[in-house]
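Per the UniProt record's numbering, residue 1 is the first one in the sequence shown, and the count goes up by one each step.
Scroll down for the structure; my scribbles are underneath it.
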Amino acid sequence: MLGVAIVLFLIAAVFGIVLIIAVLQDKPVLLSALFLHGTFAAIALLILFCYLLVSGISGLFITSLGILTVAALLGASLVFIDIKNKTVLKLVAVLHPFIAIAGLIMLIIDVLP
């Protein structure tokens with residue numbers, strides 16, 4: 001179950017790379033990439049919350065879940081800023097993937113034997 005979540009996060013990361021390149025080049029983001037990035041990441045996060053409810057947990061898992069949730073909220077705020085046709089702050093756009101990568105690395109460390 002956690003392996004599926006990790007794979008989904010990695011797929012979301014691929015679409016995230018497309019998005020961050022567009023933001024850093026001051027180009028409009030591809031809505032399809034935005035939708036797929038958010039969908040894959042949200043499904044992966046939902047899987048983690050379901051795992052939290054049905055299985056034993058470790059401190060590292062809780063920490064990674066918290067960090068990934070913060071990254072998701074930051075990503076959602078970027079979407080709302082973009083929807084309102086305001087300029088997305090590049091610092092926030094760059095901070096989002098670093099937070100998500102930190103959470104994903106913690107999750108991978110927790111899953112590995």
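The beta-carbon is built from N, C-alpha and C at its ideal position, and this holds for glycine as well.
M1 classed as buried or exposed, judged by whether at least 16 other C-beta atoms fall within 10 angstroms: exposed
Status (buried if at least 16 other CB within 10 Å, exposed otherwise) for I62: exposed
Alpha-carbon spacing of F15 relative to L52, whole angstroms: 26 Å
DSSP state of T87 mapped onto helix, strand, coil: coil
Distance CB(F40)-CB(A12) smaller than 7 Å: yes
Secondary structure, alpha helix (DSSP H): runs of 4+ residues fully inside the stretch 22–62: 31–54
Own chain residues within Cβ distance below 7 Å of M106, not counting five before or after: L60, T63, S64 and I67
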